[in-house]
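Data block below; observations after.
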Amino acid sequence: MSVALPLPRQPGASLWRRRRDALPGFGLALGITLTWLSLIVLVPLSALVLRPWELGVTGILQVLSDPRVLAALRLSFGSALLAALVNLPLGLLVAWVLVRLRFPGRRVLDAMVDLPFALPTAVAGLALTALFAPNGWLGAPLKAVGVQVAYTPLGVFVAMMFVGLPFTVRTVEPVLRDLGTEAEEAAATLGASRAQALLRVVLPALAPALLTGFGLAFARSVGEYGSVIFIAGNRPLVSEIAPLVIVQRLEGFDYAGAAVIGLAMLLLAFVVLFAVGLLQAWLRPERRA
Amino acid sequence: MNVSLHHEALLRSAGVEMESITRRFGTAAALDGVSLSVRPGEFVALLGPSGSGKTTLLRILGGLDHMDSGSVTIGERDMAGVPARERGIGFVFQNYALFRHMDVFANIAFGLRVRKHGRPSSAEIAARVRQLLALVQIPELERRYPDQLSGGQRQRVALARALAIEPSLLLLDEPFGALDAQVRKDLRLWLRGLQEEMGITTILVTHDQDEAMEVADRVAVMQAGRIAQFGTPDVLLDQPADAFVAGFLGESNRLVCEVRGGIAHFADAVLPSLAVQAPDGRAQAFIRPHQLVARVAEDGAFIVRAVRPAGPGTRLVLSGAGMSFDAVPAAGEEVPRRGDACALEAMGARIFPILE
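Chains A and B supply the protein sequences, listed in that same order. Following the numbering used here, the numbering of the first sequence begins with 1 at its first residue and continues without gaps. Following the numbering used here, the numbering of the second sequence begins with 1 at its first residue and continues without gaps.
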């Protein structure tokens with residue numbers, strides 16, 4: 001293997017070269033990144049994209065038109081979107097409390113936020129199920145007022161909210177901290193009410209972070225398996241999530257069928273995240289500059 | 001109509017009365033009985049080292065902090081319980097606190113757009129913003145965002161934004177702190193000119209004495225939550241009220257001396273004794289560089305370390321007796337050179353008894 005020796009350069013060229021080198025390791029860093037990304041992400045995804053074609057177009061359409069598959073996809077994406085949406089104000093509130101307020105136990109609360117990150121998902125699922133089961137601490141009183149959470153789509157939604165919350169909190173928190181109170185104070189001296197300061201100054205500044213939090217929470221929820229399947233009850237056409245349908249197909253050795261559903265999830269998730277990205281680009285100030 | 005006239009009158013030049021303002025953070029008093037009276041249209045600087053309470057005082061005036069006791073009257077109005085948004089005070093923050101997601105135009109228009117009563121039409125707002133942009137001399141930056149501006153430009157935007165609400169009082173918190181020396185000098189002269197033109201009462205917080213002395217009609221020197229002295233720059237320099245003010249303002253050589261019978265004897269006889277008007281006892285002597293004369297002398301105890309031209313004359317830095325001195329050469333005599341041995345003599349000093 002030959003090593004390219006640097007050739008003597010024209011003065012101008014060497015200047016250009018030096019300027020590029022101000023940030024060293026460009027080639028190396030990009031090379032490693034691309035290689036790693038290909039191995040970890042691209043190759044498995046291409047396998048996923050290639051596999052379904054074994055069934056042919058009609059086979060794929062057949063899998064996708066299965067009412068059970070359609071219902072599962074609808075439930076997974078609907079609940080994940082809804083859960084991420086509900087996590088927005090909730091996550092913002094928690095981030096606000098963590099950044100702005102000083103109270104005993106703040107550090108405990110801070111640590112608690114990360115629990116859904118750290119907890120094995122199956123443990124979370126069992127805990128939620130026990131809590132919301134018709135005889136559970138929350139399930140029993142809720143049942144008394146006629147609401148059943150466990151073994152219904154509502155349970156899926158609750159589990160997804162649980163796993164998604166830390167993503168919203170942790171993306172908004174640093175931006176909120178960085179924002180400081182000065183901008184709000186400036187708004188106040190200019191005559192803005194509290195609500196105006198929040199709506200016109202704080203929320204727009206947080207919007208990109210909120211969107212990222214939304215995207216991450218959604219992505220986590222839509223692919224969530226462990227914490228959802230226990231509380232969902234997995235009744236076909238009612239409370240069965242798409243990842244579970246995939247697992248069932250795999251257990252029946254229908255690898256191509258599983259890949260079809262996987263591909264559908266991949267595309268749908270891509271569409272949602274792409275939309276989030278577009279919205280973010282639209283919010284960036286330079287757009288209007 | 002009457003209401004708006006009253007507003008106009010309040011507007012242009014409100015005086016400010018501060019009465020025994022006290023503010024504690026925990027047990028430490030950030031402000032300890034501060035009273036200060038600012039005349040309508042006046043430019044006052046609050047000058048002091050960090051931690052002297054000057055920013056706290058400014059924030060209390062702006063309604064961004066509360067006081068534990070005391071009162072603030074702006075114009076005719078007692079500000080007790082009046083929130084910041086109802087005070088109509090322009091506040092320029094140290095780091096400008098511009099709204100990052102808004103362009104320059106929107107930043108300046110903010111105060112007009114959030115008005116609940118009597119909000120101007122958007123055409124009126126646009127006209128007003130353009131007028132302010134012209135006033136702060138950056139009309140071409142209307143569509144830029146704060147991160148696309150230099151420090152000096154941001155400063156101008158912050159000022160225009162504060163002026164947009166036609167404040168009765170303008171408060172500036174270290175407005176030039178983040179700028180480099182030349183921009184800072186230009187900007188503060190320009191600000192002074194603008195203030196004079198508009199006649200708006202202005203209070204500026206700074207730790208830079210040159211800045212305070214240059215722009216302000218009167219300067220309040222603050223120390224440890226109190227006003228050490230409040231007066232015109234001349235008075236502060238020529239008649240400092242206490243050792244702190246004398247030491248804080250201007251350059252001076254500081255020496256300990258013992259006063260006996262109207263004669264100051266310097267510790268260890270560093271300098272020849274000097275006739276002064278001060279009571280007997282230990283005292284702190286402040287000798288301005290122009291009051292300290294250096295003569296070339298073979299057996300002189302002081303060595304010239306640096307010689308630099310200063311205006312029409314020359315300034316010397318000498319060392320000796322374990323100290324460093326700023327002095328001038330004796331008039332009409334040979335100017336000492338670096339390395340020369342010199343004798344020093346004080347021609348005058350300001351003496352403050354040391355209270356034990």
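In this text, a Cβ means the ideal position worked out from N, Cα and C, and glycines have one as well.
Proximal chain B residues relative to residue i, where beta-carbon distance stays under 7 angstroms
| i | result |
| --- | --- |
| A:A183 | A97 and F99 |
| A:P204 | H101 |
Anticipated Cβ contact below 8 angstroms, residue i with residue j, distance rounded
| i | j | result |
| --- | --- | --- |
| A:P259 | A:P116 | Note that residue 259 of chain A is Ala in the sequence shown here, rather than Pro. Not quite, the Cβ-Cβ distance comes to about 29 angstroms (not below 8 angstroms), so this is no contact. |
| B:A224 | B:A241 | About 15 angstroms separates the two Cβ atoms, so there is no contact after all. |
| B:V205 | B:D180 | No, B:V205 and B:D180 are not in contact; Cβ-Cβ is about 20 angstroms, not under 8 angstroms. |
| A:A72 | A:A242 | 4 angstroms |
| A:A150 | A:I261 | So it is not a contact: roughly 25 angstroms between Cβ atoms. |
| B:I74 | B:S168 | 7 angstroms |
| B:F43 | B:D217 | 5 angstroms |
| B:A178 | B:N95 | 7 angstroms |
Min CB distance residue i to chain B below 9 angstroms
| i | result |
| --- | --- |
| A:Q280 | no |
| A:G91 | no |
| A:L73 | no |
| A:I201 | Checking the displayed sequence, the identity of residue 201 of chain A turns out to be Val instead of Ile. Yes - at least one Cβ of chain B is within 9 angstroms of the one on A:V201. |
| A:A4 | Here A:A4 scores only 49 on pLDDT, less than 50, and its place in the model is too uncertain to base an answer on. |
| A:A209 | no |
| A:L283 | yes |
Within-9 angstroms CB hit, residue i to chain A
| i | result |
| --- | --- |
| B:E8 | Confidence in B:E8 is poor, its pLDDT being 41 and thus under 50, which makes the residue's placement too unreliable to answer from. |
| B:L36 | no |
| B:G118 | no |
| B:P83 | yes |
| B:R87 | yes |
| B:G111 | yes |
Among the options, the one whose alpha carbon lies nearest that of residue i
| i | options | result |
| --- | --- | --- |
| B:G48 | B:P40, B:G62, B:F91 and B:L31 | B:L31 |
| A:A95 | A:A80, A:S79, A:D114 and A:L283 | A:D114 |
| A:Y225 | A:T181, A:V169 and A:S76 | A:S76 |
| A:V175 | A:D254, A:N234 and A:L211 | A:L211 |
| B:E345 | B:P312, B:H290 and B:D180 | B:H290 |
| A:R74 | A:L90, A:G105, A:V222 and A:L199 | A:V222 |
| B:S150 | B:F176, B:A126 and B:L135 | B:F176 |
| A:D110 | A:P166, A:L250, A:A133 and A:L279 | A:P166 |
| A:S227 | A:F132, A:Q196, A:L198 and A:L206 | A:F132 |
| A:L90 | A:G139, A:F162, A:S193 and A:R102 | A:F162 |
| B:P353 | B:Q284, B:V136, B:V293 and B:M323 | B:Q284 |
| B:A306 | B:A321, B:R288 and B:P329 | B:P329 |
| B:I125 | B:A106, B:A310, B:K116 and B:E140 | B:A106 |
| B:V16 | B:E258, B:F25, B:D78 and B:R260 | B:D78 |
| A:M265 | A:G277, A:V245, A:V238 and A:W137 | A:V245 |
| A:L237 | A:T171, A:G191, A:P153 and A:L88 | A:P153 |
| A:A186 | B:G90, B:R295, B:A29 and B:A123 | B:G90 |
| B:A134 | B:A123, B:P146 and B:L159 | B:L159 |
| B:V256 | B:V304, B:E211, B:R161 and B:L274 | B:L274 |
| B:P40 | B:A264, B:F244 and B:T201 | B:T201 |
| B:L191 | B:Q155, B:V221, B:A164 and B:I165 | B:Q155 |
Proximal chain B residues relative to residue i, where beta-carbon distance stays under 8 angstroms
| i | result |
| --- | --- |
| A:Q196 | V114 |
Contact set between residue i and chain A, taken where Cβ atoms lie within less than 7 angstroms
| i | result |
| --- | --- |
| B:I165 | L190 and G191 |
| B:L170 | Within chain A, no residue comes near B:L170; the closest Cβ sits about 11 angstroms away, beyond 7 angstroms. |
Contact test: residue i Cβ vs the ligand ADP heavy atom, cutoff 8 angstroms
| i | result |
| --- | --- |
| A:I261 | No copy of the ligand ADP occurs in the structure displayed, which carries no ligand at all. |
Under 9 angstroms by beta carbon: chain A residues contacting residue i
| i | result |
| --- | --- |
| B:R161 | A186 and L190 |
Residues that residue i contacts on chain A, provided the C-beta gap is smaller than 8 angstroms
| i | result |
| --- | --- |
| B:L64 | E185, A188 and T189 |
| B:F91 | E185, A186 and T189 |
Runs of 3 residues minimum, wholly inside the region 16 to 54 of chain B: which ones carry the beta strand (DSSP E) assignment?
16 to 25, 28 to 38 and 43 to 47
Counting only runs of 4+ residues fully inside the region 141 to 229 of chain B, write out the alpha helix (DSSP H) ranges in chain order.
151 to 163, 181 to 198 and 209 to 215
Go through the region 285 to 348 of chain B residue by residue and report every complete run of the beta strand (DSSP E) that reaches 3 residues or more, in order.
292 to 296, 302 to 310, 313 to 320, 323 to 329 and 341 to 346
Counting only runs that start and end within the region 74 to 155 of chain B, where is the beta strand (DSSP E) found for 3 or more residues in a row?
89 to 92
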